[in-house]
Amino acid sequence: MSLQSVNPATGEVLETFAATSARELASMVAKSHAAFLGWRATPFKARAERMREAATILRRRRAEFARTMTLEMGKPITQGEAEADKCAWVCDYYADSAEGFLSVPTRRRASCASIRLASCSR
C-alpha cells in the first residue's frame, strides 16, 4: 500500500511514497536507536552547534519549506514562512537552553514506586 501527498486545493498528487516493509522498519528503528545512544553521549556544546546548524538551514530554505507547506497542507505562504522562522527560533532556543534543562539534578526517594487507582463514590 502506498501513501500519496495530495495538494488540497487542486487534488493533484504531488508525490507517491512506497510502503515500508516490516523488515525495513525494524532496520530504521535499530539505526535510530543506535544514533540516539551516540547523541546522548555527545557533549552539549556539540549538540548546540547542530541545533544552530538546523536553525540556519531552516532560515536559508524558508521559502522552499513554505512552498511545500502550501502545496501539501494548503497553508498560506506567509504562514509557512512564519512557521519555518518559528522552527528556527526553537532550534536556537534549545541550543541555548537544553544544557540547563537537562542538567537539573533529580532526587530519588525510593528505589521503586507504585500508583494505586481508587474509585470514589459521590
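In this note's numbering, the protein residues as written are 50 to 171.
Even glycine gets a Cβ: it sits at the ideal position worked out from N, Cα and C.
- The three-state secondary structure of Ser54, taken from DSSP, is strand.
- Ala115 is positioned such that its CB atom lies closer than 7 Å to that of Ile126.
- Met122 is the residue among Met122, Glu132 and Ser152 whose C-alpha sits nearest the C-alpha of Val55.
- Under the criterion of beta carbons closer than 8 Å, Arg96 and Ala137 do not qualify as touching, at roughly 16 Å.
- Straight-line spacing of the CA atoms in Ala144 and Glu73 works out to 32 Å.
- Take the alpha-carbon of Glu132 and the one of Ser76: they are about 32 Å apart.
- At least 7 Å separates the beta-carbon of Leu86 from that of Phe66.
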